[in-house]
Amino acid sequence: MQDHERLTAAEQELERALASLAPAAPPLDRDRLMFQAGRAAGRRGRWFWPSTSAVAVVAVVLAVSLTVRPQPRQIERVVFVPVESGGAVSVAGPEPEAAEDRWADHARYAAIRNAMLAKGPDALPTSPPAAAATQRPPTLEDLLGTRRPKPPTPDPLGRLATMLFGDRS
Amino acid sequence: MESIGPEQLTRWFDAHAAAMVLYARQWLEAGRAEDVVQDVFVRLMTGRVRPANVRAWLFRCVRNAAMNELRRHRRRRARRERLGAERAGWFVSNPGDLIDAADVQAALADLPNQQREAIVLRIWGGLSLREVAEVTGSAVSTVFSRYRAGLAEIRKRMSKPCKTTND
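As given, the protein sequences belong to chains A and B, one line each in that order. When we follow our numbering, the leftmost residue of the first sequence carries the number 1, and every step to the right adds one. When we follow our numbering, the leftmost residue of the second sequence carries the number 1, and every step to the right adds one.
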């Protein structure tokens, strides 16, 4: 034995003497122990099949409910939205002519930019006519189309004549 | 998974139960030691995986269970008195024994824990030094040192010299 190779002869002799003693037999009932072990082993697997069956039932129910699931219904409702009468709200897209004008502006801008890059500042077009320069820029009311009619210009002499002679018109 | 049948369990019980009880009695009184050994066999039967080295597994489980039991009941202080008081019953005394059972028991009871553990596992448990090291969680060289020191201590404490086969 490998363990004995490093023991002295006296140690091996003592080892043999000690090994000759037999431990006292325990008062354990072997049959009772076997019964307990078997019962414990049976108890361990007691919940296996019930739990497996429960899981299988839940899986089947889920699969069926997912398979025969009804199609979602589409409900159409008419919703009335109050619209202010003064505002001109347009839900339609831009007018085709306005879109063409915008594309024409883009094309003009691109042409000017390319000419500027190729020939320098001399390629810039001549300034617009004076009439165009004096043209008033569009206001927010112009853009929204809600421009109110201009009130009549007050005439002080006319108002005075009205006050003095009454309205003869 | 290889299951453990009743016949195999019976074989292991007959082969190791006595040594396991002796091992458990290093920490516990006789009744608790037997309960611990019984629980270990029940655990072996109900375990899902069969241990690779059943013999070493049995003794390691006895050790852990005995330690837990000792810790639970806080009887560490009274252990030495109990070991001294339990003079009877560790070994079966036969006329043909090479050594006196009562003297061996007294000498073992006076040994340090680790030396006694190594000797009980090696001689009566039938474990190799490597298996003893595995059970106790120590290096093989450490176990061998404890084993030799325990043998020397027993030899020194024995009141009379060992008998030999020639006597």
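Cβ atoms here follow ideal geometry from the backbone N, Cα and C, with glycine treated the same way.
Nearest neighbour of residue i, chosen from the options [CA to CA]
{"i": "residue 22/B", "options": "48/B, 7/B and 89/B", "result": "89/B"}
{"i": "residue 157/B", "options": "55/B, 58/B, 108/B and 116/B", "result": "108/B"}
{"i": "residue 168/B", "options": "115/B, 120/B, 70/B and 11/B", "result": "Since the displayed chain B opens at 1 and closes at 167, residue 168/B lies outside it and no answer follows."}
{"i": "residue 64/B", "options": "8/B, 98/B, 25/B and 96/B", "result": "25/B"}
{"i": "residue 92/B", "options": "124/B, 140/B, 148/B and 119/B", "result": "124/B"}
{"i": "residue 142/B", "options": "120/B, 153/B, 5/B and 114/B", "result": "114/B"}
{"i": "residue 99/B", "options": "12/A, 9/A, 11/A and 20/A", "result": "20/A"}
{"i": "residue 126/A", "options": "112/A, 137/A, 136/A and 157/A", "result": "112/A"}
{"i": "residue 48/B", "options": "148/B, 4/B and 61/B", "result": "4/B"}
Within-8 Å CB hit, residue i to chain A
{"i": "residue 37/B", "result": "yes"}
{"i": "residue 89/B", "result": "yes"}
{"i": "residue 59/B", "result": "no"}
{"i": "residue 49/B", "result": "no"}
{"i": "residue 138/B", "result": "no"}
{"i": "residue 22/B", "result": "yes"}
{"i": "residue 6/B", "result": "yes"}
{"i": "residue 66/B", "result": "no"}
{"i": "residue 13/B", "result": "yes"}
{"i": "residue 151/B", "result": "yes"}
{"i": "residue 109/B", "result": "no"}
{"i": "residue 118/B", "result": "no"}
Proximal residues of chain A, C-beta to C-beta of residue i below 9 Å
{"i": "residue 146/B", "result": "Going along chain A, no residue has its Cβ under 9 Å from residue 146/B, so there is no contact; the nearest lies around 13 Å."}
{"i": "residue 92/B", "result": "21, 22, 23, 24 and 25"}
Proximity of residue i and residue j at Cβ, strictly below 8 Å
{"i": "residue 38/B", "j": "residue 7/A", "result": "no"}
{"i": "residue 15/A", "j": "residue 58/B", "result": "no"}
{"i": "residue 132/B", "j": "residue 118/B", "result": "yes"}
{"i": "residue 110/A", "j": "residue 116/A", "result": "no"}
{"i": "residue 54/B", "j": "residue 36/A", "result": "no"}
{"i": "residue 12/B", "j": "residue 66/B", "result": "no"}
{"i": "residue 130/B", "j": "residue 140/B", "result": "yes"}
{"i": "residue 17/B", "j": "residue 127/B", "result": "no"}
{"i": "residue 40/A", "j": "residue 45/B", "result": "yes"}
{"i": "residue 51/B", "j": "residue 34/A", "result": "no"}
{"i": "residue 30/A", "j": "residue 136/B", "result": "no"}
{"i": "residue 34/B", "j": "residue 26/A", "result": "yes"}
Proximal residues of chain B, C-beta to C-beta of residue i below 7 Å
{"i": "residue 18/A", "result": "99, 104 and 123"}
Interface partners of residue i on chain A, CB under 7 Å
{"i": "residue 155/B", "result": "14"}
Residue i Cβ short of 7 Å to the ligand MG heavy atom set
{"i": "residue 132/B", "result": "The ligand content of the structure shown is nil, which means the ligand MG is not present either."}
Residue-chain proximity (residue i, chain B), Cβ-Cβ < 8 Å
{"i": "residue 9/A", "result": "no"}
{"i": "residue 33/A", "result": "yes"}
{"i": "residue 72/A", "result": "no"}
{"i": "residue 50/A", "result": "no"}
Beta-carbon neighbours of residue i, restricted to chain A and to distances below 8 Å
{"i": "residue 134/B", "result": "Ordered by position in chain A, no residue passes the 8 Å Cβ test against residue 134/B, which lies about 14 Å from the chain."}
{"i": "residue 131/B", "result": "The contacting residues do not exist; residue 131/B stays about 10 Å from chain A at best."}
{"i": "residue 10/B", "result": "30 and 34"}
{"i": "residue 34/B", "result": "26, 27 and 28"}
Chain-ordered chain B contacts of residue i [CB-CB under 8 Å]
{"i": "residue 36/A", "result": "38 and 42"}
{"i": "residue 40/A", "result": "42, 45 and 46"}
Chain E within 8 Å of residue i, Cβ atoms only
{"i": "residue 54/B", "result": "This model lacks chain E altogether; the protein chains it does include are A and B."}
_Length-filtered (4 minimum) alpha helix (DSSP H) runs lying within the segment 14 to 95 of chain A_ = Every unbroken stretch of the alpha helix (DSSP H) spanning 4 or more residues and falling wholly within the segment 14 to 95 of chain A is given here in chain order: 30 to 44 and 48 to 67.
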